[in-house]
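2 protein chains.
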Amino acid sequence: MSIGRWAPLSHPDVESVDIDDVLRALADPTRRQIMRLLMTGGDRACGTFGLPVAASTLSHHFRTLRNAGILRQYDDGRQRMNTLRLDELETRFPGLVRTVLDAG
Amino acid sequence: MSIGRWAPLSHPDVESVDIDDVLRALADPTRRQIMRLLMTGGDRACGTFGLPVAASTLSHHFRTLRNAGILRQYDDGRQRMNTLRLDELETRFPGLVRTVLDAG
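One line per chain: the protein sequences are A and B, in this order.
Okay, so the first sequence: first residue is 33 according to this note's numbering, each after it adds one.
Okay, so the second sequence: first residue is 33 according to this note's numbering, each after it adds one.
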């Protein structure tokens with residue numbers, strides 16, 4: 033249940049996801065690590081990734097991934113949760129996410 | 033045979049090619065079109081791509097692709113030629129180039 037602490041979240045429809053945005057979003061090791069953690073561990077709250085970056089930087093990474101259409105965010109009580117849009121991306125760009133995450 | 037009109041070209045060794053550089057270089061439709069033309073038509077001189085962009089812009093795209101380790105340039109007489117480093121990239125990042133070019 034959302035407590036309305038945040039502005040409404042916007043997510044691009046899968047049809048309007050842009051390959052250039054996706055590639056630029058993928059071109060960062062911290063963002064790829066976020067994606068790997070979501071792939072292996074399922075949905076996860078923003079504060080629980082345990083990555084060695086400042087909260088504001090992490091917030092920027094989540095926003096970049098969300099705006100590119102790579103992950104979806106939703107509020108669960110006081111927590112902002114993250115989930116990968118893997119099935120949608122797989123439909124749009126088959127094999128892309130896994131190939132990139134395997135690459136490094 | 034080079035006539036020495038240009039500065040010496042530098043190309044990163046395949047071992048030092050960086051996935052972030054590669055993804056950023058791939059995140060542009062003109063650069064992906066350059067790669068497709070090289071994949072299907074083989075080595076090609078800079079002036080023969082027939083793309084609707086200014087020469088200076090095209091030159092920037094070639095340089096971005098070369099610096100990222102995606103293509104190799106060499107001089108042949110008065111022509112600067114371009115060749116994809118597909119086998120090297122395939123060794124480093126299996127499936128990446130083809131998956132991205134198939135994506136859009």
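Glycine residues also receive a C-beta, built at the ideal position from the N, C-alpha and C atoms.
Interface partners of residue i on chain B, CB under 7 Å
i, result
"I51(A)", "A135, G136"
Where residue i falls: helix, strand or coil (DSSP)
i, result
"L41(A)", "coil"
"G136(B)", "coil"
"L103(A)", "strand"
"G109(A)", "strand"
"R76(A)", "strand"
"L58(A)", "helix"
"L116(A)", "strand"
"A50(B)", "In the sequence under discussion, the amino acid at residue 50(B) is Asp, which differs from the Ala named in the question. D50(B): coil per DSSP, three-state reduction."
Chain A residues whose Cβ lies nearer than 9 Å to that of residue i
i, result
"L83(B)", "Within 9 Å Cβ-Cβ: nothing; L83(B) doesn't reach chain A, min ~16 Å."
"V125(B)", "Per the sequence shown, residue 125(B) should be read as Phe rather than Val. Within 9 Å Cβ-Cβ: T131, V132, D134, A135, G136."
Burial state of residue i, where buried means 16 or more other Cβ atoms lie within 10 Å
i, result
"A59(A)", "buried"
"L121(B)", "buried"
"V129(B)", "buried"
"V85(A)", "exposed"
"L55(A)", "buried"
"A57(B)", "buried"
Rounded Cβ spacing between residue i and residue j (contact assumed at less than 8 Å)
i, j, result
"R63(A)", "L69(A)", "11 Å between Cβ atoms; not a contact."
"T131(B)", "G127(A)", "5 Å"
"R124(A)", "V46(A)", "6 Å"
"I66(B)", "L97(B)", "7 Å"
"R112(A)", "C78(A)", "5 Å"
Cross-chain neighbours of residue i in chain B, by beta carbon under 9 Å
i, result
"R56(A)", "L55, R56, A59"
Contacts of residue i in chain B (Cβ-Cβ under 8 Å)
i, result
"L128(A)", "T131, V132, A135"
Exercise for the section: Please determine if the segment 85–104 of chain A and the segment 114–125 of chain A are in contact, where contact requires at least 3 C-beta pairs separated by less than 8 Å. Expected result: yes
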